[in-house]
Amino acid sequence: MEIKNFIWDFDGTLFDTYGAILQALTQTLAEANLKFDRNELYRLVKRESVGFTTDYFGQLYGLSGEKLNKRYHEIEHQLQHEPKPYTGTKNILNMVVEKGKQNFLYTHRDDKVFDFLDQFQLKTVFTGSVTSDNDFPRKPDPSALQYLVGTYHLDPEETIMIGDRAIDIKAGKNAGVHTLYFDVDQFHDDAGADVVVSELIEIETLI
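When you line the sequence shown up against the numbering used here, it's residues 122 to 328, in that order.
Take a look at the structure:
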């Protein structure tokens with residue numbers, strides 16, 4: 122396949138943000154006096170989402186998942202100051218642009234993500250983006266990807282969704298584009314992705 126359009130997830134794909142994410146989530150649950158196993162909590166977040174996890178614990182303990190999620194975001198905003206890109210992130214994104222191809226961003230994070238990108242001179246390498254501020258349904262719903270495809274006149278056969286979770290892959294499949302799973306944790310939860318890599322440098326072969 123010849124790929125010209127690369128749609129990237131942010132957390133756990135381009136930037137290593139999960140340390141602060143997990144810290145914020147454990148603090149949220151601890152404040153509510155809820156019991157949890159840290160390793161299983163991480164797996165739940167990666168296999169599903171933070172929103173799913175707060176709803177799960179809310180239902181399990183008869184609490185408001187919405188309130189847990191709100192408190193989580195307050196804490197995560199305080200902790201997530203300077204996340205770092207993974208090894209290879211800058212090279213891969215710049216290589217796409219140098220080859221005359223396009224990067225797009227699709228994240229559940231809000232527009233604060235652009236501040237993180239700007240710290241590493243990466244904000245301008247993206248042609249377009251979707252964040253939570255665009256208010257699309259969450260992955261694996263394909264609406265946000267369909268918006269990018271339609272707005273930027275992307276050929277689905279030349280477009281790939283790249284992420285570290287099964288919901289990224291499912292979103293891509295639902296939108297009819299190619300998919301690539303970044304197995305950064307060796308969870309092997311690729312959801313039938315077209316391509317699986319364990320390091321970002323392996324994506325060079327597609328550019």
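No residue lacks a Cβ here, since even glycine has one placed at the ideal position from N, Cα and C.
Could you give the first and the last residue of the continuous alpha helix (DSSP H) run that contains Met-216?
Counted from its first residue, the sequence shown places residue 216 at position 95. Start and end: 210–219.
Which residue spans inside the segment 143–198 form an unbroken beta strand (DSSP E) run of at least 3?
none
State the Cα-Cα distance for the pair Glu-320 and Leu-184, rounded to the nearest angstrom.
Taking the first residue of the sequence shown as position 1, residue 320 is located at position 199. Taking the first residue of the sequence shown as position 1, residue 184 is located at position 63. In a straight line, the C-alpha of Glu-320 is about 39 Å away from that of Leu-184.
Check each candidate in Met-122, Asp-236, Gln-223 and name the one with the smallest Cα separation from Lys-205.
Position 84 of the sequence shown, counted from the first residue, corresponds to residue 205. The option with the nearest alpha carbon to Lys-205 is Asp-236.
Beta-ladder partner(s) of Tyr-302, from DSSP
As a working note, residue 302 is residue 181 in the sequence shown. Note: Tyr-302 sits in a beta bridge opposite Gly-284, Val-317.
Less than 7 Å separating the beta-carbons of Thr-300 and Ala-314?
Residue numbering aside, residue 300 sits at position 179 when the sequence shown is read from its first letter. Residue numbering aside, residue 314 sits at position 193 when the sequence shown is read from its first letter. Result yes, Cβ atoms of Thr-300 and Ala-314 sit closer than 7 Å.
Identify the residues that DSSP records as bridge partners of Phe-136: which are they?
As a first step, residue 136 must be located in the sequence shown, where it is residue number 15. According to DSSP, which records beta bridges pairwise, Phe-136 is partnered with Asp-132, Pro-206.
Buried versus exposed call for Glu-123 [16 or more other C-beta atoms within 10 Å across all chains shown]
What you label residue 123 is simply residue 2 of the sequence shown in a count that begins at 1. Its Cβ having fewer than 16 others within 10 Å, Glu-123 is exposed.
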